[in-house]
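Colleague:
2 protein chains.
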Amino acid sequence: MPHIALPEDMPGITAGFAFCPDTAKPMRELAHILLHTSGTDGFSSRDRELIAAFVSSRNTCYFCQTSHGAAASHLNGGDQTLVEAVCRDYRTAPVSEKLCALLAIAEQVQIDGKRVTSQLVENARQSGATDFEIHDTVLIAAAFCMFNRYVDGLATVQPRNSEMYVEMGKRMAEKGYAAAPQPAP
Amino acid sequence: MPHIALPEDMPGITAGFAFCPDTAKPMRELAHILLHTSGTDGFSSRDRELIAAFVSSRNTCYFCQTSHGAAASHLNGGDQTLVEAVCRDYRTAPVSEKLCALLAIAEQVQIDGKRVTSQLVENARQSGATDFEIHDTVLIAAAFCMFNRYVDGLATVQPRNSEMYVEMGKRMAEKGYAAAPQPAP
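Protein sequences, first through last, are from chains A and B.
If you're matching positions, the first sequence starts at 87 in the working numbering and goes up one per residue.
If you're matching positions, the second sequence starts at 87 in the working numbering and goes up one per residue.
(1) Should residue 153 of chain B and residue 251 of chain B be called a contact, given that it needs their Cβ atoms to be closer than 8 Å?
(2) Report yes or no: is there a C-beta of chain B within less than 8 Å of the C-beta of residue 99 of chain A?
(3) If you follow the alpha helix (DSSP H) that residue 103 of chain B is part of, which residue opens it and which one closes it?
(4) So residue 88 of chain A and residue 242 of chain A are in contact, right, with Cβ under 8 Å, and what is the actual spacing, rounded?
(5) If distances are taken between C-alpha atoms only, which option among B:98, B:213, B:222 comes closest to residue 234 of chain B?
(6) In chain A, which residues lie less than 7 Å from residue 115 of chain B when you measure between Cβ atoms?
(7) Taking only beta-carbon atoms, is residue 140 of chain A less than 8 Å away from chain B?
(8) Which same chain residues end up closer than 6 Å to residue 178 of chain B when comparing Cβ atoms and leaving out the 5 residues on each side of it in sequence?
(9) Assuming contact is defined by CB atoms lying nearer than 8 Å, are residue 223 of chain B and residue 137 of chain B in contact in what I supplied?
(10) Looking at the structure shown, is residue 176 of chain A part of a helix, part of a strand, or coil, going by DSSP?
(11) Threshold first: 3 residues or longer. Then list the beta strand (DSSP E) segments lying entirely within the region 126-158 of chain B, N to C.
(12) Would you say residue 213 of chain A and residue 187 of chain A are within 8 Å of each other, going by their C-beta atoms?
(13) Thinking C-alpha only, which one of A:201, A:221, A:135, A:93 is nearest residue 91 of chain B?
(14) I need the straight-line Cα distance from residue 111 of chain A to residue 264 of chain A, nearest angstrom please.
(15) Would you verify that the beta carbon of residue 122 of chain B is, or is not, closer than 8 Å to some beta carbon of chain A?
(16) Report yes if the C-beta distance between residue 157 of chain A and residue 135 of chain A is below 8 Å; otherwise report no.
(17) How about residue 161 of chain B and residue 259 of chain B: do their beta carbons lie closer than 8 Å?
(18) Where do the N-terminal and C-terminal ends of the alpha helix (DSSP H) with residue 211 of chain B fall, by residue?
(19) Going by the beta-carbon positions, is the gap between residue 239 of chain A and residue 199 of chain B smaller than 8 Å?
(20) Between residue 90 of chain A and chain B, is the shortest Cβ-Cβ distance under 8 Å, so that the two count as touching?
(21) To the nearest angstrom, how far is the alpha carbon of residue 149 of chain A from that of residue 165 of chain A?
(22) Of the choices A:155, A:254, A:210, whose alpha-carbon is the least far from that of residue 182 of chain A?
(23) Find out if the Cβ-Cβ distance for the pair residue 124 of chain B, residue 255 of chain B is shorter than 8 Å.
(24) Which residues in the same chain as residue 105 of chain A place their Cβ atom closer than 6 Å to its Cβ, once the five residues preceding and following it in sequence are excluded?
(25) Taking the alpha helix (DSSP H) that residue 236 of chain A belongs to, which residues open and close that run?
(26) Whose C-beta lies closer than 8 Å to the C-beta of residue 130 of chain A among residues of the same chain, with five residues either side of it excluded?
(27) Enumerate in chain order the residues of its own chain whose CB-to-CB distance from residue 117 of chain B is below 6 Å, with the five nearest sequence positions on each side excluded.
(28) Taking Cβ positions, are residue 145 of chain A and residue 205 of chain A nearer each other than 8 Å?
(29) Could you give the DSSP three-state label for residue 262 of chain B: helix, strand or coil?
(30) Roughly how many angstroms lie between the CA atoms of residue 253 of chain A and residue 127 of chain B, to the nearest whole one?
(31) When you compare the CB of residue 200 of chain A with every CB in chain B, is at least one pair closer than 8 Å?
(32) Using only alpha-carbon positions, find the residue among A:208, A:201, A:231 that is nearest to residue 139 of chain A.
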């Protein structure tokens, strides 16, 4: 049961967003920029969602890991095995050298920003990452340390219903995060 | 030295904000709502800045701890001993029972949102905290887990210059966070 009187029947972060629309607005906007509109050929929305799911898995946040994992899978042609491989061990997952190097940075940010070493940044640059891509990786990982704590710290309802997450991930992948919160399907 | 080519002579988060104004906007807006405009008699900006400084101290983020500590001190009549006492051991610091209970929630969110227990929330409620105050406490603590990682993960310049932080804290306390980033004084 949630710690505070959140709207009923809304899963995860959507309940917090409905409880407090004022703070929801910038949080949604930040996610929209980082995950949806900043995607390029070199650092796609799929890869950004993979980093979000990976950091959420390290923070053991079921709602965020599953929903962003579903968004990444939708952007990967519906194939869920990639996000599973990344969360299990990104070093052996079938991702580009660059994404692997960015995941290594995200891995340290999840623990403490000070653990990002010059060597990790140099590895990312050697594999083709730009300063903007390194910046966005650090901020995606940092932002999910916020989103995950918000979702879990309020003890939101996080249904174990894989169909719901597949639908949610599809909607997130296609429409992004800037629209008004929607009730769970 | 910062990991990426941040604007020179800008300390801490101001360099990240100048590097990427698109993401700076919602991050500043979130801080402005949580720390500056949501303050009430029962949960003032001073208390919100104290929680921000406390969480930043647990994340050992020098820039955020010192700047938000300076903001809290400015809102406390210039007395720095309160924020020092809270960061040292909030349980023995001269704060209200309610703020002590909210700090206990923030303490757990900093580690993992799932560590917030029903008992901690009940303690806060017994000491007079509303659902909105509990919500904002969780989100302030979660948000500083983002801000701290952003500041440290980019290896921003964090000067050891106490006068600079006193000035910065005064400006933050008086004007909030919504304005355009300003160069360091």
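Note that the Cβ used here is the ideal one computed from N, Cα and C, for glycine as well.
Modeller: Let me lay it out:
(1) In contact: residue 153 of chain B and residue 251 of chain B (Cβ atoms closer than 8 Å).
(2) It does not: the Cβ of residue 99 of chain A has no partner Cβ on chain B nearer than 8 Å.
(3) Counting along the chain, the alpha helix (DSSP H) containing residue 103 of chain B begins and ends at 99-105.
(4) The Cβ separation is near 6 Å, so the contact holds.
(5) Of the candidates B:98, B:213, B:222, the residue whose Cα lies closest to the Cα of residue 234 of chain B is B:98.
(6) Here the neighbours are 112.
(7) So, not an interface residue.
(8) When the five nearest sequence neighbours on each side are left out, no beta carbon in the same chain lies closer than 6 Å to the beta carbon of residue 178 of chain B.
(9) Cβ distance < 8 Å, so residue 223 of chain B and residue 137 of chain B count as in contact.
(10) Look at residue 176 of chain A here: in three-state DSSP terms it is coil, with no helix or strand label.
(11) DSSP runs (the beta strand (DSSP E)) wholly in the region 126-158 of chain B: none.
(12) If you check the CB distance, residue 213 of chain A and residue 187 of chain A come in under 8 Å.
(13) It is A:221.
(14) If you draw a straight line from the Cα of residue 111 of chain A to the Cα of residue 264 of chain A, it comes to about 8 Å.
(15) No - not a single Cβ of chain A is within 8 Å of the one on residue 122 of chain B.
(16) Cβ atoms of residue 157 of chain A and residue 135 of chain A: closer than 8 Å.
(17) Inclusion of residue 161 of chain B and residue 259 of chain B in the CB contact set at 8 Å is warranted, their separation being smaller than that value.
(18) Its alpha helix (DSSP H) spans residues 204-212.
(19) Yes; because the gap between Cβ atoms is below 8 Å, this pair is in contact.
(20) Closer than 8 Å: yes.
(21) For residue 149 of chain A and residue 165 of chain A, the distance between alpha carbons rounds to 19 Å.
(22) It is A:210.
(23) Using a Cβ distance threshold of 8 Å, residue 124 of chain B and residue 255 of chain B do not count as a contacting pair.
(24) Setting aside the 5 residues that flank it on each side, residue 105 of chain A is surrounded in the same chain by 92, each with a C-beta closer than 6 Å to its C-beta; the list follows chain order.
(25) Membership of residue 236 of chain A in the alpha helix (DSSP H) is indicated by the continuous run 217-239.
(26) Counting only Cβ-Cβ distances below 8 Å, and skipping sequence neighbours, we find 161.
(27) Residues 263 of the same chain have their beta carbon placed closer than 6 Å to that of residue 117 of chain B, with the five preceding and five following residues left out of the count.
(28) Going by beta carbons, residue 145 of chain A and residue 205 of chain A fall outside the 8 Å limit.
(29) Looking at residue 262 of chain B - three-state DSSP - the assignment turns out to be coil, as it is neither helix nor strand.
(30) Straight-line measurement puts the Cα of residue 127 of chain B at about 43 Å from the Cα of residue 253 of chain A.
(31) Taking Cβ atoms only, chain B reaches closer than 8 Å to residue 200 of chain A, which makes this a yes.
(32) If we check each option's Cα against that of residue 139 of chain A, A:231 comes out closest.
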